Each structure stands twice: as C-alpha cells, then as structure tokens.
Amino acid sequence: MKPAPRFRGRRPVRRPPGLLLALGGLGLALFIVPFVGLLARTPWSDLPRLLSGEVATSALRLSLIASISSTGVALVLGVPLAWLLARVDFPGRALLRALVILPLVLPPVVGGAALLFAVGRRGLLGGPLEQATGLILPFSLGGVILATTFVSMPFLVITVEGALRSMDRRYEDAAATLGAGRWTVLRRVTLPLIAPSLAAGLLLTWARAFGEFGATVTFAGNLQGRTQTLPLAIFVALESDRDTAVAISLLMVVVSLLVLVTLRERWWKAL
Amino acid sequence: MTTSNPRRAERSNAKSRLWLAAGIMAVATTCRAPDREPPPSGEPGQVTGELGGGILVSAAASLTDAFDDLATAFEASHRGVDVVLNLAGSSALREQILDGAPVDVFASADHANMDRVVESGAVSGGPWIFARNRLQIAVPRGNPSGVTGLSDLADSGRLIGLCAAAVPCGDFARRSLAKAGVTAALDTDEPDVRALLTKIELGELDAGITYVTDVLSAEGRVAGIEIPESENVVIDYPIARLAAAPNAEAASAFISFVRSEEGRVILERLGFVAP
Numbered sequence: 025m026k027p028a029p030r031f032r033g034r035r036p037v038r039r040p041p042g043l044l045l046a047l048g049g050l051g052l053a054l055f056i057v058p059f060v061g062l063l064a065r066t067p068w069s070d071l072p073r074l075l076s077g078e079v080a081t082s083a084l085r086l087s088l089i090a091s092i093s094s095t096g097v098a099l100v101l102g103v104p105l106a107w108l109l110a111r112v113d114f115p116g117r118a119l120l121r122a123l124v125i126l127p128l129v130l131p132p133v134v135g136g137a138a139l140l141f142a143v144g145r146r147g148l149l150g151g152p153l154e155q156a157t158g159l160i161l162p163f164s165l166g167g168v169i170l171a172t173t174f175v176s177m178p179f180l181v182i183t184v185e186g187a188l189r190s191m192d193r194r195y196e197d198a199a200a201t202l203g204a205g206r207w208t209v210l211r212r213v214t215l216p217l218i219a220p221s222l223a224a225g226l227l228l229t230w231a232r233a234f235g236e237f238g239a240t241v242t243f244a245g246n247l248q249g250r251t252q253t254l255p256l257a258i259f260v261a262l263e264s265d266r267d268t269a270v271a272i273s274l275l276m277v278v279v280s281l282l283v284l285v286t287l288r289e290r291w292w293k294a295l
Numbered sequence: 588m589t590t591s592n593p594r595r596a597e598r599s600n601a602k603s604r605l606w607l608a609a610g611i612m613a614v615a616t617t618c619r620a621p622d623r624e625p626p627p628s629g630e631p632g633q634v635t636g637e638l639g640g641g642i643l644v645s646a647a648a649s650l651t652d653a654f655d656d657l658a659t660a661f662e663a664s665h666r667g668v669d670v671v672l673n674l675a676g677s678s679a680l681r682e683q684i685l686d687g688a689p690v691d692v693f694a695s696a697d698h699a700n701m702d703r704v705v706e707s708g709a710v711s712g713g714p715w716i717f718a719r720n721r722l723q724i725a726v727p728r729g730n731p732s733g734v735t736g737l738s739d740l741a742d743s744g745r746l747i748g749l750c751a752a753a754v755p756c757g758d759f760a761r762r763s764l765a766k767a768g769v770t771a772a773l774d775t776d777e778p779d780v781r782a783l784l785t786k787i788e789l790g791e792l793d794a795g796i797t798y799v800t801d802v803l804s805a806e807g808r809v810a811g812i813e814i815p816e817s818e819n820v821v822i823d824y825p826i827a828r829l830a831a832a833p834n835a836e837a838a839s840a841f842i843s844f845v846r847s848e849e850g851r852v853i854l855e856r857l858g859f860v861a862p
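Protein chains in written order, with my numbering: chain B, 25 to 295; chain P, 588 to 862.
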C-alpha cells in the first residue's frame, strides 16, 4: 500500500529546472575538479614514505597545535567580544563591528605585515615587550598562534554575535524575573541557546586557522619544526619536491574533511 | 501547472544549454591573460613596423627592478609591444612554465631552473647568460647587531634568515656558507628574496644573505656587508625564448634588447655585472 500524501496539494517530484541544474552542476564542478586534479597527481605508492617524513610530521604537529590553540584563544576572547558587540549599545559600535570582520576580507599578508608593525621586534608594542620580558613573537610558535588567531577569530565573533542578536531574549528576561543572577542567566540560558552557533563558529575558526598561510609566513616566518605549518610546508615543497607537496596537500584535505564531516554531523545540524 | 508541456520543456532545455555555453565562454574569456590584446591602433609602431601585441615575461624575483626598467625602455623603442612582467621565485616560474603557462620569455636566477625547462623541451631560443650577480650579507640600516662576516650568522643570539633552499638565493647562500664552513643559526626560510629583504628592512631579522643588487635596490634601507671572494659565489642569469611563446617575434626582440649595449647599461646601473 502506498503511503497517502501528507497534505493536499503537495507537488509531485519533478526533475529540477535545467538552468538550475546546469549552473548548480557547474558550481559543484568548480569545487570538485581541483580535488580530482590533486588525486590524479598523488603518488599513491610513495604516500606512506612521504607522509612519515620529518617535514610532514613536524608540520602536522605544528598545524594542530596552532589551530587548536587559536580556536581556544578565540573562544576565551571572542565570545565576550561578541556579547559586547551584540548587547551593549555604544557610539561607534558599527565601526567596531566592521573592524572585527576586517581580517575576513583583508589579504592575510596585510594582516601579517600589520602584526609586524604592531608586535614585531621594532613594532609599536613589540619593542617594549621584548625589553620587559625578553619575549620575541616573530619567528616563534607564539607568533604563529597570534597570526592564525588574528585571521580566524572573526568567524567566531560574527557567528556568536549573530546568534546573540537574533535569539529570543524573553527566555533571559523570564529567567531574570524568576530570580536568576546575570551570570546564571548567561550560563544556564544564553549559552545553551546559542550553543549550535557557537559550535559552528568554533568549527569555522578552527578550519580557517588550520589552513592559514599568508599572515603566518609574513609575521612568523618559515622554519621547519618551529613555525612551518602544513600550508607553509606545501608552499615550500611545491617548488622543490612536488610529490611531498601533493602528499601534504592530501593530508590537509583528509584531516579537514574528517573534522568538518564528523563535527558537522554532530553539532551543525541546527544551522 | 500540473501537466508539463513537452515543447515548453524542450525550449527551456535549449535555453539552459545556451546559458551553459555562455557561462563556459565567459569563464574561458576571463582565463586568458587580459593584457594580450594588441594595443589600440591610434599610434602605430613606427619604429619596428610589424612587431605588436603583448609578451609575457617570467623573470626571477631578484630581477624585479632591472626588468621593470628594461621593459619600460623596450616599450619606448618598440611602440606596438606591451611587456607584461610575471615576477616570482625562479622555481615557481619554472613550475608555471612546465604546467603550460603561455609565457614568451623566461629569465631565471640560476642554471638549475633554466636547465629543467630546457630538458622538458619548452625552450626554442637560448638560453643565453645576460648578467651576473654576487652575494652580500644584508643587515638593517646601521647594522644594530654588529655583523661583520659570515661567521656571525652562526650566532643563535641573532635572528638570522635565508631564502628557502629551493629558491636560488637560498641555494647560493647555503653554498657560500659551506665555503666559509659556517652553519647558520637559522630562524626562518623565506619564500623569496623580497620577503627576506623586507624582514631585514623592518629590523625583524638581524642579518640574511641576499644578492648585491637587492642591497643596492633597497636604497639605504638595508646595509650590505661584503662577503670575500673566497666565500662568495658567482650567479649567472640565463634568458630564453619559450617554444610555446604566443608572440615569438616580439619575444626574440625583447631578448636581443636585454643582451644589447643599452640593456647592459640598465643592468649595470642596478649592480649586475656583464657576462
């Protein structure tokens, strides 16, 4: 027995319009064809040797440390910033919002150069910082984390800020009416309500940090084992050892896909 | 609409094919180098008559200033020709050419990258050596960390940068260090010589090894420390016309110009040495 249609007037399943199919298919090809190219160039039999090499393993380690650290920093600093931007009305808020999103549209190289001018050894704050603490950020892992955070944190801020602005604030009001303090409201009502957006923001932030290249190489330089993350290793290897470059690229694709697919299945459905 | 009209469906199918074709053509058109169309015919090239169109010249990053000047001078004497420069590390340029980029002229900062292109059969004229270069230690203006020679690059208390080993300037720098018996206390492998120079200019690095011509082109923003003859290397710059050159005639004319007396004067002004 066929199941009865759930509601009247439901349209029969038809072939999607040809124009949409053509353009959508072309759009999909734009994403898929480059990966097919990558797979076609992959030296499959050499893959274990290439990926177990010192260059790939140390770059993977640094990439994971840097991307996870900068996601952590973004969580600690970005959520309060998003809250301030969403909830506190102050003059110049629109300008500040734009400033926070700027790293998304700026070429990363510009971000890296700006970081050099600010916290490089001869930078505005970098000089005093080195004199006071002996800490030099460029050419260090700390510099890599700073550069990736600068480029990736905007993803967290705009996602969380958007969620805070669009959520139904009556739940918060109700909790407050029932005697919950501000901290309790934030912890028990606000954060659970925006959790899906927060998770999506964290995921995007991590993904952007994992793939960061321009700001990192400009600000933190490139040294194997210290500052050379996967994208930097690929860039250097592309010119000298293409098999290694392709192998590491494949590694990045697999790790990114794995994280995006598994975490999205778990967290991201709400969006 | 409950029943679909077959003629209508056919028409919309044809329409969608048309749109698809238009889309592909739009993509294909934007893929071509935008500077390749012949220049407007308002002022025909009186000097050379037949030469025209654009040429794409892939030149090593260390040739940036020299080829800017050479292209300007060439365009002034060959009115119909538009020279487009593609400047990057020689190894990156080599890969572009091997991948089929429509390049007319390739000027490399070393033999190794040029040889790979020649071996692949992509060269139809040359290569010819058109200039030579030397290495120098580059330090920020005023030499704040007091570098005097290559041995100071072994000091881990200084921040030291080189070009990555895959790039000619990095390869030559390592050969020079090997000649001097020095192991550099390296803090960064920069992707090309300009990136290295920028970090030295900004004072972020205390020293690095670059070409003499780079120190000269920085016009006082960095200082050069001589590397003695016994520890230095001589760098040859080969130039070649590519077999796939879309504009072979103009490419040959440009190469002749680079190797001419006029070209030599421009190159020497920037610190290069005649071959």
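Even glycine gets a Cβ: it sits at the ideal position worked out from N, Cα and C.
Note that the structure is a prediction, hence the values are computed from the model and not measured.
Item, Value
"Please list, in chain order, all residues of the same chain as B:V213 whose beta carbon is under 6 Å from its beta carbon, the five residues on each side excluded.", "Y195, E196, A199"
"How do the segment 707-718 of chain P and the segment 784-795 of chain P stand: do at least 3 beta-carbon pairs fall below 8 Å, yes or no?", "no"
"Hey, would you say P:L737 sits closer than 8 Å to P:I814, going by beta carbons?", "yes"
"Just checking: is the beta-carbon of P:E791 within a distance shorter than 8 Å of some beta-carbon in chain B?", "yes"
"Please report how far the alpha carbon of B:E154 lies from the alpha carbon of P:V644, in whole angstroms.", "44 Å"
"I want to verify the contact list: residues of chain P whose CB lies under 9 Å from the CB of B:S264, in sequence order.", "S678, A751, A752, A753, V754"
"Measuring straight from C-alpha to C-alpha, what distance separates B:A64 and B:D267?", "12 Å"
"Per DSSP, B:G186 forms a beta bridge with which residues?", "B:G186 pairs with nothing; no bridge assigned."
"Under 8 Å between C-beta atoms, does B:P162 make it to chain P?", "yes"
"Are the C-beta atoms of P:P815 and some chain B residue less than 8 Å apart?", "no"
"When you compare the CB positions of P:G811 and P:T775, do they come within less than 8 Å of one another, or not?", "no"
"Fully enclosed by the segment 190-236 of chain B, which alpha helix (DSSP H) runs are 4 residues long or longer?", "194-201, 206-209, 215-234"
"Apply the 10 Å Cβ neighbour rule to B:A118 and answer buried if 16 or more other Cβ atoms are within range, or exposed otherwise.", "exposed"
"What does DSSP give as the partner residues of P:E813 in its beta bridges?", "P:Q723"
"Thinking C-alpha only, which one of P:D742, P:S695, P:V780, P:G639 is nearest P:I826?", "P:S695"
"B:F243: which of B:P115, B:V129, B:L44, B:G136 sits nearest, CA to CA?", "B:G136"
"For P:G733, would you say it is in contact with chain B, using Cβ-to-Cβ distances shorter than 8 Å as the test?", "no"
"Output, in chain order, the set of chain P residues within a Cβ distance shorter than 9 Å of B:R146.", "P727, L789, G790, E791"
"Identify each residue in the segment 759-791 of chain P for which the Cβ-Cβ distance to at least one residue of chain B is less than 9 Å, and report them in chain order.", "L773, D774, T775, D776, E777, P778, A782, T785, K786, L789, G790, E791"
"What does the Cβ neighbour count give for P:R846, buried or exposed, with the cut at 16 atoms within 10 Å?", "buried"
"If the cut is a Cβ gap below 8 Å, which residues of chain B does P:E818 touch?", "Near P:E818 there are no residues of chain B at all, since even the closest Cβ is about 24 Å away, more than 8 Å."
"Can you have a look at B:P132 and say buried or exposed, based on whether 16 or more other CB atoms are within 10 angstroms of its CB?", "buried"
"Apart from the five residues on each side of it in sequence, which residues of its chain come closer than 7 Å, Cβ to Cβ, to P:A782?", "none"
"Only counting the same chain, and skipping five residues up and downstream in sequence, which positions put a Cβ closer than 8 Å to that of P:V860?", "A718, R719, N720, R721"
"For the beta strand (DSSP E) that contains P:F693, what are its first and last residues?", "692-694"
"Can you give me, in chain order, the residues of the segment 706-719 of chain P that have a beta carbon less than 9 Å from any beta carbon in chain B?", "none"
"Note down, in chain order, each residue of its chain lying with its Cβ closer than 7 Å to the Cβ of P:S839, except the 5 sequence neighbours on either side.", "G712, R828"
"Quick one: which chain B residues come within Cβ less than 9 Å of P:E682?", "L262, E263, R266"
"Excluding five sequence neighbours on each side, which residues of the same chain lie with their C-beta closer than 8 Å to the C-beta of B:L188?", "A106, W107, A110, R111, T214, I218"
"Name the residue from B:P104, B:S164, B:L282, B:V175 whose alpha carbon lies nearest to the alpha carbon of B:R211.", "B:P104"
"Taking the beta carbon of B:R145 as the centre, do at least 16 other beta carbons fall within 10 Å, making it buried, or is it exposed?", "buried"
"What is the rounded straight-line gap between the Cα of B:V283 and the Cα of B:A224?", "12 Å"
"Whose Cβ in chain P lies nearer than 8 Å to the Cβ of B:F259?", "P778"
"Leaving out five residues on either side along the sequence, give the residues of the same chain with a beta carbon under 8 Å from the beta carbon of P:A805.", "A725, L784, E788"
"Does DSSP put B:A171 in a helix, in a strand, or in coil?", "helix"
"Within 8 Å of any Cβ in chain P, is that where the Cβ of B:L247 sits?", "yes"
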